[in-house]
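Heads up: the sequence shown begins at -18 in the working numbering, then just goes up one per residue. Note that CB positions come from ideal geometry on N, CA and C, so glycine has one too.
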Amino acid sequence: MARPSTEYLRKVFMGLADGYPDDCVVHACRLAELLLAEKAEPWIGRLRDIQAVENGVFHGPLIPATLSGRHARTWTTHYVACAGDRAYDPLLGEPVVLRDYARRLFGRELPLETFLDADRTAQLIRERRLPATIRLR
């Protein structure tokens, strides 16, 4: 029997032909909740392409390979639930080894930051403040 986190990944992934429902914060938070219930130690990762330029900082576009045509999306920041050495992103439909994650999703190497560690993620889930905390930053 599949775990709830894996079922969630597959369900959202299978519906991508109709567009990407909600946003990465919603999915990262829901997956972190499911992973915590499965006794994993989820944490929230963040991907950004930040480059110093003459006039300040440039935030490069993040375009997921799994969304195209009228459902294409472009972001400058992307959040993902992680546990152990895996990223859990419904845009890929399965847990992915961290070292391969950005390349598989965005077609290039990008550093995956620990946005919220496992202790803080669990605390915010218990307090029902995880989505609001991510959106505030």
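Can the beta-carbon of T114 be found closer than 7 Å to that of I25? no
Output needed for L93: all residues of its chain with C-beta closer than 8 Å, excluding positions within five of it in sequence on either side, in chain order. G26, R27, L28, V61, C63, A68, L79, Y82, A83
Span of the alpha helix (DSSP H) holding A53? Element bounds for A53: n/a, residue is neither H nor E.
So what's E19 in DSSP terms, helix, strand or just coil? coil
Enclosing beta strand (DSSP E) for A33 [first to last residue]: 31 to 34
Between R(-16) and the rest of its own chain, which residues show a CB-CB distance below 7 Å, the 5 nearest in sequence each way excluded? E19
Would you say S(-14) and L15 are within 7 Å of each other, going by their C-beta atoms? yes
I'd like to check one pair, L91 with D30: are the Cβ atoms closer than 7 Å? yes
Mind checking D98: buried by the 16 CB within 10 Å criterion, or exposed? exposed
Pick from D70, P71, H40, T47: whose alpha carbon is nearest that of W56? H40
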